[in-house]
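What follows is one structure encoded as structure tokens, with my remarks underneath.
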Amino acid sequence: VDEIVAARKPDSIDFTAAAAVPLAAITAWESLYDRGRLKVGQRTLIHAGAGGVGHIAVQLALAREAWVCTTVGSREKADFVARLGAHETILYKEKDFVEAVLAWSGGEGVDLVLDTVGAETFARSFAAVRFYGDLVTLLQPGPEVDWKEARLRNLRVSYELMLAPMLHDLPQARRHHGEILEQCARLIDEGRLSVHVAETFPLAQAAKAHRRLEKGSLTGKLVLTIP
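Each residue of the sequence shown is one higher than the last, beginning at 162 in the working numbering.
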């Protein structure tokens, strides 16, 4: 590990929990703070708020004193994100999330949407963002996406891939990752950020862990442990 991306483990959590932090925390931090430029008092919609990246993003948005709305797929997950502090939770299987967001925001739409789902969710999110707002996605939009609504709203659409600094050898961006981890460690030790480890598997059961990921419906993160 390059020293510029290394960071101190939070004192208040063990190594298993700490292993679940970097990818999700850096992705959420860059999406909300760097790409989305989230400000105090703004409204944000975070898709899949009980997921690995989503549950970190909910907490980081709250740390920025933003108003947080999130989508989830079950009442158990709704309870989970409510405990994290989300202001509004949408059960997307029961409600149209665009209509729900517009009702929550007084018809204006949110300042920022973080899309961790992709596909149809990405395109439908255009209508949930206010004019001149931001939409950040972790996925590659497909060729079938109709960009008309995004253009009419003058949206700023950004992409987030936390691996880019490693893939393209970008030292300054890699150093920024180390800085992000230091800030997240501070938030964790202050009790303002937590990581939920849903399940752990020994490294020898990596294939089983992948199958569990493919099944979906995880709340939080899955961790591989090395004896």
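We put the CB at the ideal spot given by N, CA and C, even for glycine.
Since this is a predicted model, take the numbers as computed values, not measurements.
Looking at residue i: is its Cβ nearer than 7 angstroms to the Cβ of residue j?
i, j, result
"residue 168", "residue 339", "yes"
"residue 239", "residue 219", "no"
"residue 297", "residue 321", "yes"
"residue 350", "residue 317", "no"
"residue 210", "residue 188", "no"
"residue 385", "residue 364", "yes"
"residue 208", "residue 277", "yes"
"residue 300", "residue 279", "yes"
"residue 214", "residue 222", "no"
"residue 287", "residue 311", "yes"
"residue 192", "residue 275", "yes"
"residue 205", "residue 162", "no"
"residue 171", "residue 289", "no"
"residue 283", "residue 302", "yes"
Please name the residue or residues paired with residue i in a DSSP beta bridge.
i, result
"residue 382", "358"
"residue 363", "386"
"residue 273", "205 and 295"
CA-CA distance, residue i and residue j?
i, j, result
"residue 266", "residue 273", "12 angstroms"
"residue 175", "residue 388", "15 angstroms"
"residue 257", "residue 285", "10 angstroms"
"residue 314", "residue 368", "44 angstroms"
"residue 263", "residue 335", "37 angstroms"
"residue 143", "residue 201", "For residue 143 there is no data in the structure shown, the boundaries of the chain being 162 and 388."
"residue 234", "residue 242", "11 angstroms"
"residue 344", "residue 376", "33 angstroms"
"residue 216", "residue 186", "10 angstroms"
"residue 327", "residue 342", "16 angstroms"
Review point. Unbroken beta strand (DSSP E) runs of length 3 or more, entirely within the region 235-269: which are they?
Key: 249-252
**Study point:** In chain order, each alpha helix (DSSP H) run of at least 4 residues that lies wholly inside the region 281-338
**Key:** With a minimum length of 4 residues, the continuous alpha helix (DSSP H) runs that stay inside the region 281-338 are 309-313 and 325-328.
**Study point:** Ordered list of beta strand (DSSP E) runs contained in the region 165-235, each at least 3 residues
**Key:** 204-207 and 228-233
Review point. Quick check: the region 168-182 against the region 356-372, are there 3 or more CB pairs under 8 angstroms?
Key: Yes, they touch.
Practice item. Check whether the region 248-259 touches the region 191-201, taking contact to mean three or more Cβ pairs, one atom from each stretch, closer than 8 angstroms. Key: no
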